[in-house]
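Student: The numbering used here applies: residue 812 is where the sequence shown begins, and numbers increase by one.
Beta carbons are placed, not taken as given, at the ideal position from N, Cα and C, and that holds for glycine.
To start, I am sharing the structure in question, which I have written as structure tokens.
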Amino acid sequence: MTKVEAFNGQSIIEEIYNAVSHGIGALLSVAGTVVMIVYATMYSDVMGIVSAALYGASLIILYSVSSLYHGMVNRKAKKVFQICDHCSIFILIWGTYIPVALSLVGGAMGWVIFGFQGVCAIVGIVLNAINLKKFHKVSLVLYLLMGWAVVITADTVFSLIDATGFWLLLGGGLAYTGGVYFYVKNNKYMHLVWHLFVITGSVLHYFFVLRCCL
812 MTKVEAFNGQ
822 SIIEEIYNAV
832 SHGIGALLSV
842 AGTVVMIVYA
852 TMYSDVMGIV
862 SAALYGASLI
872 ILYSVSSLYH
882 GMVNRKAKKV
892 FQICDHCSIF
902 ILIWGTYIPV
912 ALSLVGGAMG
922 WVIFGFQGVC
932 AIVGIVLNAI
942 NLKKFHKVSL
952 VLYLLMGWAV
962 VITADTVFSL
972 IDATGFWLLL
982 GGGLAYTGGV
992 YFYVKNNKYM
1002 HLVWHLFVIT
1012 GSVLHYFFVL
1022 RCCL
């Protein structure tokens, strides 16, 4: 059994696919971030530009860290990057909310959304850093809580977007959530399927942000 297999139950070929899939996601994130910042510079305000940059950074961080984690074979390095990989999910969820909170909603409510997501993200990151395995289920609940917290402010958010924006937002949320089913499965290539769901969710939310928040 190889070190990769011994560490997370994934075969070497599975880890190659996992690394490549999110490596492609990282490249798309870099290109998408450039487009967002240019678009925000042309059509939005300072808050829109900052929101676009932070959201783009969260995409780049998640996909880069994930690709590096899955591509590593050194056991010690892989263990460190596994923690970073799980922490980056919190960063992406918070990052995705930033344009919604600060650019789309704005005002006091926008800052409340920003603060709530930030606190949840920080708590999740700290728990993962303390003991990733022990708090695995807690992290999963936090992911879902943060992701679907938008329903609390649904009246406000939905009043500010059109039908296309609504379906992009909902579709992205469903893609992320639906992917969790494959994430918790141990069957061969299920983690790759999870990655594809994550990429789909990111693409849909990216176009939501571009269309409705900037």
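Which of the three DSSP states, helix, strand or coil, is assigned to L971?
Tutor: The sequence position of residue 971 within the sequence shown is 160, counting from 1. Coil, per DSSP.
Student: Mapping DSSP to helix, strand and coil, what is K999?
Tutor: Along the sequence shown, one-based indexing puts residue 999 at 188. It is coil, neither helix nor strand.
Student: So, is the C-beta of F1019 closer than 7 Å to a C-beta in chain D?
Tutor: The structure shown has no chain D; it contains just one protein chain.
Student: Between which two residues does the alpha helix (DSSP H) carrying V934 extend?
Tutor: Taking the first residue of the sequence shown as position 1, residue 934 is located at position 123. Start and end: 918-941.
Student: Just mark D896 as buried or exposed, buried being the case when its beta carbon has 16 or more other beta carbons within 10 Å.
Tutor: Looking up residue 896 in the sequence shown gives position 85. Looking at its Cβ environment, which holds 16 or more other Cβ atoms inside 10 Å, D896 is buried.
Student: Round the Cβ separation of W905 and S869 to the nearest angstrom and send it over; I've been treating them as touching at under 8 Å.
Tutor: Residue mapping note: residue 905 aligns to position 94 of the sequence shown, counting from 1. Residue mapping note: residue 869 aligns to position 58 of the sequence shown, counting from 1. Their Cβ separation, rounded to whole angstroms, is 7 Å, which keeps W905 and S869 in contact under 8 Å.
Student: Taking only the alpha-carbon atoms, compute the straight-line gap between L915 and I909 and give it to the nearest angstrom.
Tutor: For the purposes of this step, residue 915 is identified with residue 104 of the sequence shown, where counting begins at 1. For the purposes of this step, residue 909 is identified with residue 98 of the sequence shown, where counting begins at 1. So the alpha carbons of these two residues sit roughly 9 Å apart.
Student: Ordered along the chain, which non-local residues of its own chain (more than five positions away) have a Cβ less than 7 Å from that of T813?
Tutor: Taking the first residue of the sequence shown as 1, we reach residue 813 at position 2. Model confidence at T813 stands at a pLDDT of 47, short of 50, so the residue's coordinates are unreliable and nothing is read from them.
Student: Going by DSSP, what residue range makes up the alpha helix (DSSP H) through K889?
Tutor: In the sequence shown, residue 889 corresponds to position 78, counting from 1. Its alpha helix (DSSP H) spans residues 886-909.
Student: Which residues in the same chain have their Cβ closer than 6 Å to the Cβ of L877, if we skip the five residues on either side of it in sequence?
Tutor: Counted from its first residue, the sequence shown places residue 877 at position 66. Position check: residue 877 holds Ser in this sequence, whereas Leu was assumed. Only H833, D896 meet the Cβ criterion.
Student: Which residue marks the beginning of the alpha helix (DSSP H) containing K948, and which one marks its end?
Tutor: Within the sequence shown, the letter at position 137 stands for residue 948. Counting along the chain, the alpha helix (DSSP H) containing K948 begins and ends at 947-959.
Student: Spatial neighbours of Y1017 within its chain, please: CB distance less than 6 Å, with the 5 preceding and 5 following residues excluded, ordered by chain position.
Tutor: Counting from one through the sequence shown, the residue named residue 1017 turns up at place 206. If we look at Y1017 and ignore the five residues flanking it on each side, its Cβ neighbours are G843.
Student: What does the Cβ neighbour count give for V1009, buried or exposed, with the cut at 16 atoms within 10 Å?
Tutor: The residue labelled residue 1009 in the question sits at position 198 within the sequence shown. Buried.
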